Amino acid sequence: MGDEPQTTALEVRELTRAFGVRRALDGVSFELPPYAFLSIFGPNGAGKTTLVKVLTTLLNPTSGNAKVLGLDVVADAVEMRKRIGLISHNPLLYPDLTAEENLRFFSEMYDVPDARGRVAELLEAVELDHRRLDLTRTFSRGMLQRLSIARALLHRPEVIFLDEPYSGLDPHAMDILDGLIAQIRHEHTFVMISHDLDKGLELCSHALILARGRIVMYEPREAIDDAAFRETYRSTVGMGVA
Amino acid sequence: MASASMRQFKAMLRKDVVMELRTKEMLMSMGLYSLLTMVVYFVALSQAGAGFDPRDIAAGLLWLAFIFTSMLGLNRSLVHEKDQGCLEALLLSPVDRPVIYFAKVTGNLLFLLIVEALTIPVFAFLFLQGETIDLRTMALIPLVLVAGSIGIAGVGTLLATMSVNTSGKDFVLAMLFIPLIYPLLLGAVMATGAAIVGTPEALGVFWTGMAWVIGYDVIMLLASYGLYEFIVGA
Amino acid sequence: MKSSVIRALIALVVGGALTLAAFLGAFFWAGVPDFGFVRTAQQTDSVRYQGPFVQDVDEARYLRNFVGYEADITADGTLTEGRITEASEDGVTLETDAGDVTIAAADFDSAQVHGSTYGRPDWGQKIFYFHVPVAEISFIVFGFAAFYSIRFIMTRRREYDTKARVSMEVTLLFVMFTMATGILWTRAAWGVWWMWEPRLTTYFIMTLLVIGYFVLRNAVEDEERRALYAAAFGILAFIDAPISFFITRLIPSNHPVIERGGLEPPMLATFIIAQIGMILLGYAIYQLRMGEVLLRDRIEHAKTLLER
Amino acid sequence: MDATLKEVYSLVLTQWPLVAGAYALLWTGLVVYVGLALKRLSELGKQLEVLEAAVARRGAE
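Protein chains in written order, with the working numbering: chain L, 42 to 283; chain B, 84 to 317; chain S, 18 to 325; chain F, 7 to 67.
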């Protein structure tokens, strides 16, 4: 299934997520080709996090549907979870386990073949080989984020979701994160939530602006006029919380 | 699929045990807390007259200590998962939600039983010295302990999963947990009391109490298991 | 919204009228049952007269309890009739038609004492006409709250959460009424304000569960999560309540139960009218609160429209 | 009331404040609760009228 060429990585149709009259997502539809890099912008409360939560099966849509890699987020949730990864601003790691134990634990969860080899390989890739026996409690923010990336890549996901991965990182850690993303950039589809317009535009192949649960703008990078884009973004920020 | 779930269950349980052995946070806090309750009990009973038989209320005192220490532990165990969003990471992985529930319940049950096993001798040493005790009926106490702790861990894990996401975690947990656990507590105290008294008639009371505890376990564990999926994803 | 308020008002008027009727019935129509009896020496002209009281006494010393009563005493084979004026270890003095007669205890053979029995009216029973219907409604509405909680978990629609919450509010109100009237009844019937008695204990637990539901709601920030948690707890609480009720059946209860056919027709009628009236009042309160919640929603909606 | 009747009615005499208390609590509770609910309802109704008039004006513009 994973080897077939996919025509779309994401396929979102009329996605609505509502509770009473409040709508976190209101009829969102878009498609994203494979190996693209989607940056999602929008003011606080625009529905960015909700969108990513629906796309990562953590929340069910109220109506409409979404497919990731051709799999439905509700019906094929378990299958889908094996093929997506999340890097959040929260490290999602147990502070009282060592780096290696953390990765080994999550490889059990994902049933990763040759877990030992895969963990060693990833620890080397994120340059944490020398700290593998230390508790992650003792790690700096940057190291945690690197380990968090290793955790997200354990099961070789095809779609990687990034939830404001740069927030709280020092410039050095940012460089390392940039390097890591660049390395795997072309074999994966990325979906990133970002507050940082420059960074988001620099990385993306597609950009999406969300406000009050609706798509304000969705364009491939080539079609975007930077100045106009910034203007649109700024106008949505003024709209405040939906 | 079943074997994969089993492996995931074992991994989660091992993770909890390794973390606990490393920090000893739950065991230490629960153990010391139960020791502190003993001091409070001594003060509470200090004015009781000479005719007072501590065996009459031993069962109630023991379960009181267990209930309060268990709430402490339950909160801790779920705070671990919540702290850095680890629960979210678990939910993102292809694990069935019930596996998460049962792994957490088993972990909590394990720590609870360890603390209870340590508390009972200390309690007996402090309060029951010189009392005649029938060791044959006392041997039944582990049965109540296991059955009661299953209920506490089962219901408590579900409630703690909710209460960690609230403001004022400890109070909310107590407010939900104590009324809900009341039937189990009554049955468990009844059975434990009967085992301590140890007369032949008491044995009938013991099994009635046990039947209640087991019945409660079955009903409430099924309900909690059914509801956990909705709670954990919220 | 409008319709629910209209339904509420209709239910309020009809329920209020029935409740008022039951209130009047309770005091002016239904009789007062007896709570035990009193024995007196004289017969007073009283509606609560139950009949004559006759007791055989075979030892002279027991006569001390019957000073003032009419008595037929056999002593040394002769019968003396009169009213006991004095009684002691040694003997008894009777006031007879022929003057005072003293009988020594040593001569005493047997005696028959006559008096009157009166029923003691149990006024506290008047609480029952409203205490029981209110308690019943608290259970019924609790059941509705659990039902809507299940519906909410299945559909995730906010309206069911609202219904469950409003039902729980009505439950809380009626639980409080039950508790208040119950405590007063306990004082009237048992002479204590509170007793750790199975029925009372379990109802107290149920009160705590309902309060816990609102504590939980207030402690959760996110609206949808709050709804889910509350629904889950509502279901658990509803499963727990019957368990609590049954577990205490191991201990015999003092709480009275109505026996089949145990009520006189006026009492039964009053009780049934009170029940129907209270159910309507409960429904009216539920609809009123529902209407209020819906109004608030519309106001919120209008506000967001204006702010856009 | 003579001594005999007093004895007969002793229970009634001690119970009546409790019965009155129970009814007073129940009735005041119900009336106050319903009264407050109705008052809130009418206030909210007025507020809604104002808001909906504003919405209608906004729509007409």
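Where is the CB? At the ideal position from N, CA and C, for every residue including glycine. All of these numbers come straight from a predicted model, not from anything done at the bench.
Looking at the C-beta of B:Pro-177, does it have a partner C-beta in chain L at a distance below 7 Å?
Translated into positions along the second sequence, residue 177 of chain B becomes position 94. With 7 Å as the cut-off, B:Pro-177 counts as an interface residue toward chain L.
Determine the chain D residues that contact S:Arg-306 at a beta-carbon separation under 8 Å, and present them in chain order.
This model lacks chain D altogether; the protein chains it does include are L, B, S and F.
Rounded to the nearest angstrom, what separates L:Ala-161 and L:Asp-170 at their Cα positions?
Looking up residue 161 of chain L in the first sequence gives position 120. Looking up residue 170 of chain L in the first sequence gives position 129. About 7 Å.
Please say whether B:Leu-209 and B:Met-111 have beta carbons closer to each other than 7 Å?
For this step, residue 111 of chain B is matched to residue 28 along the second sequence. For this step, residue 209 of chain B is matched to residue 126 along the second sequence. Going by C-beta atoms, B:Met-111 is not nearer than 7 Å to B:Leu-209.
Could you check the C-alpha separation between L:Ala-283 and B:Thr-244 for me, to the nearest Å?
Translated into the one-based positions of the first sequence, residue 283 of chain L becomes position 242. Translated into the one-based positions of the second sequence, residue 244 of chain B becomes position 161. At L:Ala-283, the pLDDT of 36 sits below 50, so the modelled position is not reliable and the matter cannot be decided from this model.
Only counting the same chain, and skipping five residues up and downstream in sequence, which positions put a Cβ closer than 8 Å to that of S:Val-22?
On the third sequence, residue 22 of chain S is found 5 positions in, with the first residue counted as 1. Correct list, in chain order: Gln-304, Leu-305, Gly-308.
Looking only at C-alpha atoms, which of L:Ser-104, L:Val-95, L:Thr-48 sits nearest to L:Gly-68?
In the first sequence, the residue the question calls residue 68 of chain L occupies position 27. The shortest C-alpha separation from L:Gly-68 is found at L:Ser-104.
List, in order along the chain, the chain F residues whose C-beta lies closer than 9 Å to that of S:Ala-197?
Looking up residue 197 of chain S in the third sequence gives position 180. Neighbours of S:Ala-197 on chain F, chain order: Gly-27, Ala-28, Leu-31, Leu-32, Gly-35.
Determine the DSSP secondary structure at B:Ser-117, reduced to helix, strand or coil.
The residue given as residue 117 of chain B occupies position 34 in the second sequence. Under the three-state reduction of DSSP output, B:Ser-117 falls in the helix class.
For L:Thr-97, is the classification buried or exposed, using 16 other Cβ atoms within 10 angstroms of its Cβ as the cut-off for buried?
Counted from its first residue, the first sequence places residue 97 of chain L at position 56. Classification for L:Thr-97: buried.
Would you be able to state if there are at least three C-beta pairs under 8 Å between the region 265-278 of chain L and the region 232-250 of chain L?
yes
In whole angstroms, give me the CA-to-CA distance for S:Asp-126 and S:Phe-194.
For the purposes of this step, residue 126 of chain S is identified with residue 109 of the third sequence, where counting begins at 1. For the purposes of this step, residue 194 of chain S is identified with residue 177 of the third sequence, where counting begins at 1. Each residue's alpha carbon lies about 59 Å from the other.
I'd like the span of the beta strand (DSSP E) that includes S:Ser-133, first residue to last.
Along the third sequence, read from residue 1 onward, the residue named residue 133 of chain S stands at position 116. 125-138 is the extent of the beta strand (DSSP E) around S:Ser-133.
Beta-carbon within less than 6 Å of S:Phe-255's beta-carbon, same chain only, minus the 5 sequence neighbours each way: which residues are those?
For the purposes of this step, residue 255 of chain S is identified with residue 238 of the third sequence, where counting begins at 1. Excluding residues within five positions, the ones whose Cβ falls inside 6 Å are Ala-163.
Between F:Gly-51 and S:Val-183, what straight-line distance do the alpha-carbon atoms span, to the nearest angstrom?
Here residue 51 of chain F refers to the residue found at position 45 when the fourth sequence is read from its first residue. Here residue 183 of chain S refers to the residue found at position 166 when the third sequence is read from its first residue. For F:Gly-51 and S:Val-183, the gap between their C-alpha atoms comes out near 19 Å.
Does B:Asn-158 come out as helix, strand or coil in the three-state DSSP assignment?
On the second sequence, residue 158 of chain B is found 75 positions in, with the first residue counted as 1. Three-state DSSP puts B:Asn-158 in a helix.
From L:Leu-51 to S:Val-31, what does the alpha carbon distance come to, in whole angstroms?
For the purposes of this step, residue 51 of chain L is taken as residue 10 along the first sequence, with counting starting at 1. For the purposes of this step, residue 31 of chain S is taken as residue 14 along the third sequence, with counting starting at 1. Near 59 Å, if we compare the C-alpha coordinates of S:Val-31 and L:Leu-51.
Interface residues of chain S around F:Ala-60 at Cβ under 7 Å?
The sequence position of residue 60 of chain F within the fourth sequence is 54, counting from 1. Per Cβ cutoff of 7 Å: Leu-323.
Is it right to say S:Val-209 is buried, meaning 16 or more other beta carbons lie within 10 angstroms of its own, or is it exposed?
One-based indexing of the third sequence puts residue 209 of chain S at position 192. Classification of S:Val-209: exposed, given that the 10 Å Cβ count is below 16.
Alpha carbon to alpha carbon, how far is F:Glu-55 from S:Ile-316?
Position 49 of the fourth sequence holds residue 55 of chain F. Position 299 of the third sequence holds residue 316 of chain S. Straight through space, the alpha carbons of S:Ile-316 and F:Glu-55 are spaced by roughly 9 Å.
Using a Cβ cut-off of 9 Å, pull out every chain L residue sitting near S:Arg-175, in sequence order please.
Indexing the third sequence from 1 puts residue 175 of chain S at position 158. Near S:Arg-175 (Cβ distances below 9 Å), the residues of chain L are Ala-59, Phe-60, Gly-61, Val-62, Arg-63.
Identify the contact partners of S:Asp-314 in chain L, using a Cβ-Cβ distance below 9 Å as the criterion.
Here residue 314 of chain S refers to the residue found at position 297 when the third sequence is read from its first residue. Those are Gly-61, Val-62, listed as they occur along chain L.
Taking only beta-carbon positions, decide if B:Ala-87 is within less than 7 Å of chain L.
Position 4 of the second sequence holds residue 87 of chain B. Taking Cβ atoms only, chain L reaches closer than 7 Å to B:Ala-87, which makes this a yes.
When you compare the CB positions of S:Ile-144 and S:Thr-198, do they come within less than 7 Å of one another, or not?
For the purposes of this step, residue 144 of chain S is taken as the residue at position 127 of the third sequence. For the purposes of this step, residue 198 of chain S is taken as the residue at position 181 of the third sequence. In this structure, S:Thr-198 lies closer than 7 Å to S:Ile-144 by Cβ.
Just to confirm, are L:Ser-70 and L:Arg-58 a CB contact at a threshold of 7 Å?
As a position in the first sequence, residue 70 of chain L is number 29, starting the count at 1. As a position in the first sequence, residue 58 of chain L is number 17, starting the count at 1. It is not a contact, given that the beta carbons lie outside the stated cut-off.
Quick check: is the beta carbon of S:Glu-240 nearer than 7 Å to any beta carbon in chain L?
Position 223 of the third sequence holds residue 240 of chain S. Answer yes: the Cβ-Cβ gap between S:Glu-240 and chain L drops below 7 Å somewhere.
Given a cut-off of 7 Å, decide if S:Ile-101 and S:Ala-128 are closer than it, judged by their beta-carbon atoms.
Locating residue 128 of chain S in the third sequence gives position 111, where the first residue counts as 1. Locating residue 101 of chain S in the third sequence gives position 84, where the first residue counts as 1. Cβ distance not < 7 Å, so S:Ala-128 and S:Ile-101 don't count as in contact.
Using alpha carbons as the reference points, say which of S:Glu-106, S:Ala-34, S:Thr-113, S:Trp-140 lies closest to F:Leu-19.
The residue you call residue 19 of chain F lines up with position 13 of the fourth sequence. Cα-wise, what sits closest to F:Leu-19 is S:Trp-140.
Using only CA atoms, which one of L:Leu-188, L:Ala-116, L:Asp-266 lies nearest to L:Asn-287?
Since the displayed chain L opens at 42 and closes at 283, residue 287 of chain L lies outside it and no answer follows.
Count Cβ pairs between the region 227-236 of chain B and the region 214-234 of chain S that sit closer than 8 Å; are there 3 or more?
no
So does the region 211-218 of chain B actually touch the region 114-129 of chain B, counting three or more Cβ pairs closer than 8 Å?
no
Please classify L:Asn-131 as buried or exposed, where buried requires at least 16 other C-beta atoms within 10 Å of its C-beta.
Position 90 of the first sequence, counting from 1, holds the residue named residue 131 of chain L. Counting Cβ neighbours within 10 Å, L:Asn-131 comes out buried, since at least 16 surround it.
Nearest chain F C-beta to S:Ala-319 closer than 7 Å, yes or no?
The residue given as residue 319 of chain S occupies position 302 in the third sequence. Output row for S:Ala-319: interface = yes.
Please give the ranges of any beta strand (DSSP E) in the region 44-105 of chain S, keeping only runs that are unbroken, at least 3 residues long and fully inside the region.
Counting whole runs of 3 or more residues, the region 44-105 of chain S contains the beta strand (DSSP E) stretches 51-57, 66-74, 87-92, 95-104.
Name the chain S residues that come within less than 7 Å of B:Asn-248, Cβ to Cβ?
As a first step, residue 248 of chain B must be located in the second sequence, where it is residue number 165. The contacting residues are Val-237, Arg-242.
Cα separation between S:Gln-292 and B:Ala-306?
As a position in the third sequence, residue 292 of chain S is number 275, starting the count at 1. As a position in the second sequence, residue 306 of chain B is number 223, starting the count at 1. Roughly 33 Å between the two C-alpha positions.
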